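The block underneath contains the structure these notes are about, expressed in structure tokens.
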Amino acid sequence: MDIQNKLLPNKKSRWRTIAVFFIAIITGLGLFMTKEAELVSYMSDDPLACVNCHVMTPVYNSWMHSSHREWASCNDCHVPHNNIFNKYYFKAKDGLFHASVFTLRAEPEVMFMREASQEVVQNNCIRCHVQQVTQVKYDGYIEDHAKNRTERQCWSCHQEVPHGTVHGISTIKSNIAPIPTDKEEAVIPSWLEKEMETK
Amino acid sequence: NRKNEAKYQYVPKVNIGDNEPRNAEWGKNYPAEYQSFLQTADTSFATYQGGSAMRDMLDEDTNLVVLWAGYGFSKDYSQGRGHMNAIKDITNSLRTGGPKGEGDGPMPATCWTCKSPDVPRLMNEKGIAEFYSGKWADKGDEIVNPIGCADCHDSKTMKLTISRPALVEAFDAMGKDINQATHQEMRSLVCAQCHVEYYFDKKLPGKEGVPYLKLPWENGMSVEAMEEYYDAIEFSDWTHKLSRAPMLKAQHPGYETYLTGVHADRGVSCADCHMPYKSEGGQKFTDHHIQSPLNNVSNACQVCHREDADKLKMNVYDRQRKTAENRLKLEGFLVKAHVEAKKAWDLGATEEQMKDILMDIRHAQWRWDYAAASHGASFHSPVETARVIGSGFTIIQDGRVKLARLLAELGHNEAVTMPDISTKEKAQEYIGLDMEALRKEKAEFKKNLVPKWLEAAKERESKYGAKDVSLNN
Amino acid sequence: NRKNEAKYQYVPKVNIGDNEPRNAEWGKNYPAEYQSFLQTADTSFATYQGGSAMRDMLDEDTNLVVLWAGYGFSKDYSQGRGHMNAIKDITNSLRTGGPKGEGDGPMPATCWTCKSPDVPRLMNEKGIAEFYSGKWADKGDEIVNPIGCADCHDSKTMKLTISRPALVEAFDAMGKDINQATHQEMRSLVCAQCHVEYYFDKKLPGKEGVPYLKLPWENGMSVEAMEEYYDAIEFSDWTHKLSRAPMLKAQHPGYETYLTGVHADRGVSCADCHMPYKSEGGQKFTDHHIQSPLNNVSNACQVCHREDADKLKMNVYDRQRKTAENRLKLEGFLVKAHVEAKKAWDLGATEEQMKDILMDIRHAQWRWDYAAASHGASFHSPVETARVIGSGFTIIQDGRVKLARLLAELGHNEAVTMPDISTKEKAQEYIGLDMEALRKEKAEFKKNLVPKWLEAAKERESKYGAKDVSLNN
Ligand SMILES: [Ca+2]
Ligand SMILES: [Ca+2]
Numbered sequence: 234m235d236i237q238n239k240l241l242p243n244k245k246s247r248w249r250t251i252a253v254f255f256i257a258i259i260t261g262l263g264l265f266m267t268k269e270a271e272l273v274s275y276m277s278d279d280p281l282a283c284v285n286c287h288v289m290t291p292v293y294n295s296w297m298h299s300s301h302r303e304w305a306s307c308n309d310c311h312v313p314h315n316n317i318f319n320k321y322y323f324k325a326k327d328g329l330f331h332a333s334v335f336t337l338r339a340e341p342e343v344m345f346m347r348e349a350s351q352e353v354v355q356n357n358c359i360r361c362h363v364q365q366v367t368q369v370k371y372d373g374y375i376e377d378h379a380k381n382r383t384e385r386q387c388w389s390c391h392q393e394v395p396h397g398t399v400h401g402i403s404t405i406k407s408n409i410a411p412i413p414t415d416k417e418e419a420v421i422p423s424w425l426e427k428e429m430e431t432k
Numbered sequence: 066n067r068k069n070e071a072k073y074q075y076v077p078k079v080n081i082g083d084n085e086p087r088n089a090e091w092g093k094n095y096p097a098e099y100q101s102f103l104q105t106a107d108t109s110f111a112t113y114q115g116g117s118a119m120r121d122m123l124d125e126d127t128n129l130v131v132l133w134a135g136y137g138f139s140k141d142y143s144q145g146r147g148h149m150n151a152i153k154d155i156t157n158s159l160r161t162g163g164p165k166g167e168g169d170g171p172m173p174a175t176c177w178t179c180k181s182p183d184v185p186r187l188m189n190e191k192g193i194a195e196f197y198s199g200k201w202a203d204k205g206d207e208i209v210n211p212i213g214c215a216d217c218h219d220s221k222t223m224k225l226t227i228s229r230p231a232l233v234e235a236f237d238a239m240g241k242d243i244n245q246a247t248h249q250e251m252r253s254l255v256c257a258q259c260h261v262e263y264y265f266d267k268k269l270p271g272k273e274g275v276p277y278l279k280l281p282w283e284n285g286m287s288v289e290a291m292e293e294y295y296d297a298i299e300f301s302d303w304t305h306k307l308s309r310a311p312m313l314k315a316q317h318p319g320y321e322t323y324l325t326g327v328h329a330d331r332g333v334s335c336a337d338c339h340m341p342y343k344s345e346g347g348q349k350f351t352d353h354h355i356q357s358p359l360n361n362v363s364n365a366c367q368v369c370h371r372e373d374a375d376k377l378k379m380n381v382y383d384r385q386r387k388t389a390e391n392r393l394k395l396e397g398f399l400v401k402a403h404v405e406a407k408k409a410w411d412l413g414a415t416e417e418q419m420k421d422i423l424m425d426i427r428h429a430q431w432r433w434d435y436a437a438a439s440h441g442a443s444f445h446s447p448v449e450t451a452r453v454i455g456s457g458f459t460i461i462q463d464g465r466v467k468l469a470r471l472l473a474e475l476g477h478n479e480a481v482t483m484p485d486i487s488t489k490e491k492a493q494e495y496i497g498l499d500m501e502a503l504r505k506e507k508a509e510f511k512k513n514l515v516p517k518w519l520e521a522a523k524e525r526e527s528k529y530g531a532k533d534v535s536l537n538n
Numbered sequence: 066n067r068k069n070e071a072k073y074q075y076v077p078k079v080n081i082g083d084n085e086p087r088n089a090e091w092g093k094n095y096p097a098e099y100q101s102f103l104q105t106a107d108t109s110f111a112t113y114q115g116g117s118a119m120r121d122m123l124d125e126d127t128n129l130v131v132l133w134a135g136y137g138f139s140k141d142y143s144q145g146r147g148h149m150n151a152i153k154d155i156t157n158s159l160r161t162g163g164p165k166g167e168g169d170g171p172m173p174a175t176c177w178t179c180k181s182p183d184v185p186r187l188m189n190e191k192g193i194a195e196f197y198s199g200k201w202a203d204k205g206d207e208i209v210n211p212i213g214c215a216d217c218h219d220s221k222t223m224k225l226t227i228s229r230p231a232l233v234e235a236f237d238a239m240g241k242d243i244n245q246a247t248h249q250e251m252r253s254l255v256c257a258q259c260h261v262e263y264y265f266d267k268k269l270p271g272k273e274g275v276p277y278l279k280l281p282w283e284n285g286m287s288v289e290a291m292e293e294y295y296d297a298i299e300f301s302d303w304t305h306k307l308s309r310a311p312m313l314k315a316q317h318p319g320y321e322t323y324l325t326g327v328h329a330d331r332g333v334s335c336a337d338c339h340m341p342y343k344s345e346g347g348q349k350f351t352d353h354h355i356q357s358p359l360n361n362v363s364n365a366c367q368v369c370h371r372e373d374a375d376k377l378k379m380n381v382y383d384r385q386r387k388t389a390e391n392r393l394k395l396e397g398f399l400v401k402a403h404v405e406a407k408k409a410w411d412l413g414a415t416e417e418q419m420k421d422i423l424m425d426i427r428h429a430q431w432r433w434d435y436a437a438a439s440h441g442a443s444f445h446s447p448v449e450t451a452r453v454i455g456s457g458f459t460i461i462q463d464g465r466v467k468l469a470r471l472l473a474e475l476g477h478n479e480a481v482t483m484p485d486i487s488t489k490e491k492a493q494e495y496i497g498l499d500m501e502a503l504r505k506e507k508a509e510f511k512k513n514l515v516p517k518w519l520e521a522a523k524e525r526e527s528k529y530g531a532k533d534v535s536l537n538n
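Chains as they are written, first to last, in this note's numbering: chain A, 234 to 432; chain B, 66 to 538; chain C, 66 to 538.
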């Protein structure tokens, strides 16, 4: 691709589609969505953005307790990272899809990644672990890895990464994941605050 | 909005009041957490050096009796057990003696601080310094619920919360604001309310005489920083009965040592290992059976480590064994030093001649205790623990070489005969404890006073009632 | 299959003969590996306690001079550098002295064993015991190529191979068969040919007098197991000049200590960190620039750890600092013990009185050296290293308390005055070394003998020729 093409997206590229989706979100769902789903935060990489929807709480909590909490946020896995356009295109498309389902209260009890999402995630696993899964020298270190990894999805073996083995929106009863709208910061209860001031 | 809707998608059974001390009340709303919390009462699991089983440490390692001569710990010291046992254990411990009523007994009220959710309730009702005032026995009828929900949770939001002032004050002293703590940090800080080194400050301006609970963190949390702090304020917990050294007692600096380990460095919190996520009947929740993670390797470790459970256990034991090996040797030297110092006094040594030696003993035993009392530390942070033990070796070597020269000067140029401390009984006799008497007064206390406490508490709690949601909302 | 196809898709330029010592010849077929191998000549990288830069250890830490009084290491000891420097460094070291010709000089031929791929060639030509026989200077014209391909590779298959008999014999002695090693184990075992503790056995039945290279692994590889081995055969490397203790020298037990660390436990090999994969111009190959991984964190560590390079470096330094802190303190005590023992002899102590004390010094210094000389160990296995240092503290405390009593008995009941060893020069003077003379004989040797060796070698190698593939295949 030459420089011009890089700067000015090709007509056939996904740029147009992205624009269409942005417009769709803004005009179609408008203020309601903005308020309801904290739209602005949805554009960020903060996992809290995803918990704007309660149906995402189970996956948030399982991620929060997984080996990947410190390394990979939702978007590191669920959004393409091959180029910046693709990233936002995918996010916008996804966002619209999720939002529609959510607004219609059509969310299924147990969700599944759509095929497109699966491909994205698989590619992201590989993106981070490319050395471990492609270097011949790890053949001895991790037996059969080279052979097996090519034919299956990573998480068919690594089931615990990152959402555990139990799925479904009713798997969590007391949903107390942090809420992005919750601005109250104090961890000291007010009675103690008061006591300490008067001491 | 719908987010909040979801938050209460379960039907709360009761409205939990502020500082509700009764865990069972919380349990009505959060049965999975409560059921798992109840399991901390279990005392059947033992590991190489931990677990929930009752283990008499003075019996397992009789050196301890000599090291703590003149101090409560030489009377009785057991392995920590699950949180549900906290009230029972402090009541049964010979350290708290056999008070006959208000104003009696060896221990201050401050001892209750880390044992119950009745503590924040009382502090709220009476005030903090007032809570710390008086004898341990004075508040026996007020504190009956073992460590539980209100110690860590806000009753309205269920958010993690800091209910103990000492930790907040320690952060202040370091110039930090605990309200800035992240969610991840809170998953360790709730534990740091109790699993930390502490002392009783009786000189707090305006509260003179009150044994005010303090964490000595002003200069930092390393063994050196705390030592420096104590030296500067010339604090000592007690004077050793044999060596007459001004001693420091290190109590479970678990959080402080954890922070120096690789897990903390990688953002792993106490709750990640001691309260892992659990699935039961299609439900996921935080396992409130806080215990040795070795009883639960699959949830506690294998989330992050793919090794065999047996291998992971071996990793833990390996680090613990290597640490124990040197810790026990250091202990042996400390026992010798105390006995040698006693010999020197017996032979007429002067204060002046003993001064440096006693400081060496103080500092070396402080380092040993910092490594020994921080129970998980030989796994949480094996390299720092080894460094601390090494520094103890250094100091006690200096001390014992000085002692050898002093003893020679006093006419005793040979190895000092060591007492027979092959059993706990012999060791306790050697340091002059009348265990019979201690056990007797404890038995009487349990027969006479404790039932009264429980009755008074029952009476008091019966007035709290349960705030049924339907009635209140 | 495709894998083998790939392996031989390059066109070999030359046929490499068995035991070809000239690295450049191999380089014709494997230019990427050869080019990276050449970089081990670089000496510009320094870390907290490692790296390839020239560092005079006796200057950085003058205690060492006293600890090794009476032994070659007190003359000269530097940080190890890259493999390309092996021949140069052993030639320049004052330890190998200034031989005037065959049969002269302080060191045996065995010293060459770990310095060059000419060694397997010579062993093949002459026999193993014959190789070890005679003086270091006797083989100077035969050994000129620095550590290289033939030390680790089979010239036909390029498979990793063990070219040194000592390792094979050590496996035999332990009842193990090195041929059973897995591919992953071989990626460490090629290093274990050299990065291991060794001694020269002059009593081998049938080869009496020949300093036969041996690894003391029969009872195991721990510091205790090797000590037990040496004690049982009453071996000592030298008698200390001050204390007259029968000393042991630990030389780089790198492989032994590595095995006790968590990386080895998880199957990570030396090559994983010191020879990571590298991509250059779309080609992937094993980086043969063997060096401190801290010069290459992205390939060496971040393959498995995704932390910041700076954080990973800090992890390494942190462990090294904590280890160094106690290692240096132990060193200080050892210096004192040697000087105090000398004082005791001076005051007329008897062999009988000194016997136990000298054994304590031997054992304590052995432990210190085991921890100190295994250069990477404070990172490779920080917990075991700390354990070993702790055990050194224990033994030297016993020794020094005995010394204090003995000195008091001999009429000297006060601290023994320590010599001024604030610089390397002062320390070397204190132990009675004539450095001027040593430097002079080295200079003459380099001026007169070394050029002759190189000339003879050139002449010899010129006859090997290059076996061009087209001519031979
Ligand atoms: Ca304390
Ligand atoms: Ca040796």
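Every residue gets a Cβ at the ideal spot worked out from N, C-alpha and C, and that includes glycine. None of the values given here were measured: they were computed from a predicted structure.
No Cβ of chain A is located within less than 7 Å of the beta carbon of ARG452/C. Chain order gives the chain B residues near LYS387/C as VAL448, GLU449 and ARG452, where near means a beta carbon separation below 7 Å.
Identification of residues in the stretch 459-478 of chain B having a C-beta nearer than 7 Å to some C-beta of chain C yields THR459, GLN462, ARG465, VAL466, ALA469, ARG470, ALA473, GLU474 and ASN478, given in sequence order. Around ligand 1, the residues selected by a Cβ distance under 7 Å to any of its heavy atoms are GLU262/B, TYR263/B, TYR264/B, ASP302/B, LEU313/B, LYS314/B, ALA315/B and GLN316/B, following chain order.
Secondary structure note for GLU479/B: it is in no alpha helix (DSSP H), with a DSSP letter that is neither H nor E. Between the C-alpha atoms of ASN356/A and GLN386/A there is a straight-line separation of about 10 Å. For GLU262/C, same chain residues with a beta-carbon under 6 Å away, outside a window of 5 residues either side, are ALA315, GLN316 and PRO318 in chain order.
With respect to chain B, the C-beta atom of GLU428/A has a partner C-beta closer than 7 Å. The C-beta of ARG384/C comes closer than 7 Å to at least one C-beta of chain B.
In chain order, GLY199, LYS200, ALA202 and ASP203 place their CB closer than 8 Å to the CB of GLY168/C, counting only its own chain and leaving out the 5 sequence neighbours on each side. Rounded to whole angstroms, GLY497/C and VAL131/C show a C-alpha spacing of 10 Å.
As a beta-bridge residue in DSSP terms, SER143/B pairs with ASP121/B. Chain-order list of chain A residues neighbouring ALA202/B: empty, with the shortest C-beta distance near 24 Å, by a criterion of under 8 Å. Apart from the 5 residues on each side of it in sequence, HIS370/B sits with its Cβ closer than 8 Å to the Cβ of LEU377 in its chain, given in chain order. Closer than 7 Å to the CB of VAL368/C there is at least one CB belonging to chain A.
Partner residues in the beta bridge of THR351/C, as assigned by DSSP, are TYR342/C. Counting only runs of at least 4 residues, the stretch 401-488 of chain C fully encloses the following alpha helix (DSSP H) elements, listed from N- to C-terminal order: 416-438, 442-445 and 447-474.
A contact is defined here as three or more CB-CB pairs under 8 Å, and the stretch 511-521 of chain B meets this definition with respect to the stretch 205-225 of chain B.
The contact set of ALA419/A on chain B, defined by CB atoms closer than 8 Å, consists of ASN244 in chain order. For the stretch 391-403 of chain A, the set of residues with a beta-carbon nearer than 7 Å to any beta-carbon of chain C is empty. SER443/C places its beta carbon less than 7 Å from that of GLN385/C. Pairing LEU307/C with LYS407/C gives a Cβ-Cβ distance under 7 Å. At least 7 Å separates the CB of PRO270/B from every CB of chain A. Taking all protein chains in view, the Cβ of CYS390/A is surrounded by fewer than 16 other Cβ atoms within 10 Å, so the residue is classified as exposed.
Under the DSSP assignment, LEU278/C falls in the beta strand (DSSP E) whose first and last residues are 277-279.
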